[in-house]
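Trainee: Got a structure for you, questions after.
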DNA sequence: TAAGTGTATTATATCACTTAATACACATAG
DNA sequence: CTATGTGTATTAAGTGATATAATACACTTA
């Protein structure tokens, strides 16, 4: 596993997905899990780019999407900071969860599984989400 | 909704995903749900391409993946037919379901949801998968 | 003033996807 | 045998998203 740590956050990047989406998802995950404190500064665009060995523009793209979701606030000349509003984090977290659920149910629905079948499958694997 | 019907199967294509994947998924869905009978012939590559207004090569790509999964058998000069082996269909159906479950649990796990939380969310929306 | 922030711009390269145009091998109806 | 309809292969071209590179500018702080 090609694992890198930048600013206290772990990153695993591959080529199966756009890099900016992976960076976005993994920073967001750190925020959602509370692995990074509210109000805390995250690495600068250039730092992150160097640490991950990718282009600053690619990091920028991820950072801008974080700000669009109001998970971060950027202060010109200072850096990018996690929001101090815990309600924002909660909201985004549940929004993303709901999207995942909808997509999941749609996919299983298209395969002809009923709700109770889905529940049964999940019960047999449910131990995996901590 | 840009809906088209070809060979008794409904198709909705958009630009959010590769066309060949959408065709693949929607034919597969028809098979999994039993909307199309085992052994039945599906539209020829050219027919399907014309009906969906896409390139024959794109349809080919979808059809070849169906055959690789052994959901179809192709007979040169005759056409493409749904497998007569119901066990094959069952197998693929569960494989796809399992993949979807794993992906889903991984995603919610990365958002810091526990198994019981996932179960709770699903219970509140479970009515949607038939 | 210098160094470190976010941000914008322009250019280039690469890759997946899609289309287009042909051509070939095979099966079947006439 | 011929015509038509199958799957299949090949080559070429175009498009769009992604990523990199190089540079510049506005702002903050030590």
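Residue numbers (my numbering), protein chains in the order written: chain A, 1 to 130; chain B, 131 to 260.
Think of the CB as a built atom: it goes at the ideal place given N, C-alpha and C, for glycine as much as any other residue.
Does DSSP put residue 120 of chain A in a helix, a strand or coil?
Mentor: Correct three-state label for residue 120 of chain A: helix.
Trainee: Mind listing, in chain order, the continuous beta strand (DSSP E) runs of no fewer than 3 residues lying wholly within the segment 34-104 of chain A?
Mentor: Those beta strand (DSSP E) runs which fall completely within the segment 34-104 of chain A and span 3+ residues are 72-75, 79-82.
Trainee: How big is the Cα-Cα spacing for residue 172 of chain B and residue 230 of chain B?
Mentor: Those two C-alpha atoms are separated by around 26 Å.
Trainee: Do you know how far the Cα of residue 147 of chain B is from the Cα of residue 228 of chain B?
Mentor: Roughly 22 Å separates the two Cα atoms.
Trainee: Excluding sequence positions up to five away, which residues of its chain have a Cβ less than 8 Å from the Cβ of residue 2 of chain A?
Mentor: Excluding sequence neighbours, residue 2 of chain A sits near 12, 13, 14.
Trainee: Listing by chain order, which chain B residues have their CB less than 7 Å from the CB of residue 36 of chain A?
Mentor: Those within 7 Å of residue 36 of chain A in chain B number zero; the least Cβ separation is about 12 Å.
Trainee: Looking at C-alpha atoms only, which residue of B:253, B:218, B:245 is the closest neighbour of residue 124 of chain A?
Mentor: Cα-wise, what sits closest to residue 124 of chain A is B:245.
Trainee: Tell me, please, which residues DSSP counts as bridged to residue 139 of chain B.
Mentor: In the DSSP output, where bridge partners are listed per residue, residue 139 of chain B has B:136.
Trainee: Under 8 Å, with one C-beta from each stretch per pair, do the segment 213-221 of chain B and the segment 179-194 of chain B reach the 3-pair mark?
Mentor: The segment 213-221 of chain B vs the segment 179-194 of chain B: no contact.
Trainee: Residue 8 of chain A CB to nearest chain B CB: under 8 Å?
Mentor: Cβ-Cβ to chain B under 8 Å: no for residue 8 of chain A.
Trainee: Can you have a look at residue 200 of chain B and say buried or exposed, based on whether 16 or more other CB atoms are within 10 angstroms of its CB?
Mentor: So residue 200 of chain B counts as exposed.
Trainee: Are the beta-carbon atoms of residue 241 of chain B and residue 32 of chain A separated by less than 8 Å?
Mentor: For residue 241 of chain B and residue 32 of chain A, yes; Cβs fall inside 8 Å.
Trainee: Going along the chain, which residues of its own chain have a beta-carbon closer than 8 Å to the beta-carbon of residue 243 of chain B, five neighbours each way excluded?
Mentor: Excluding positions up to five away in sequence, the list reads 251.
Trainee: Looking only at its chain, what residues have a beta carbon closer than 7 Å to the beta carbon of residue 30 of chain A, apart from the 5 residues adjacent to it on each side?
Mentor: Excluding positions up to five away in sequence, the list reads 9, 36.
Trainee: Counting only C-beta atoms, is residue 101 of chain A closer than 8 Å to chain B at any point?
Mentor: It does; some Cβ of chain B falls within 8 Å.
Trainee: Who are the near neighbours of residue 248 of chain B in its chain, counting only those whose CB is closer than 6 Å to its CB and skipping five residues on each side?
Mentor: Cβ within range, chain order: 238.
Trainee: Assign residue 112 of chain A to one of three DSSP states: helix, strand, or coil.
Mentor: Coil, per DSSP.
Trainee: Counting only Cβ pairs nearer than 9 Å, list the residues of chain A close to residue 141 of chain B.
Mentor: Neighbours of residue 141 of chain B on chain A: none; closest Cβ ~13 Å, over 9 Å.
Trainee: For residue 164 of chain B versus residue 136 of chain B, is the C-beta spacing smaller than 8 Å?
Mentor: Result no, Cβ atoms of residue 164 of chain B and residue 136 of chain B do not sit closer than 8 Å.
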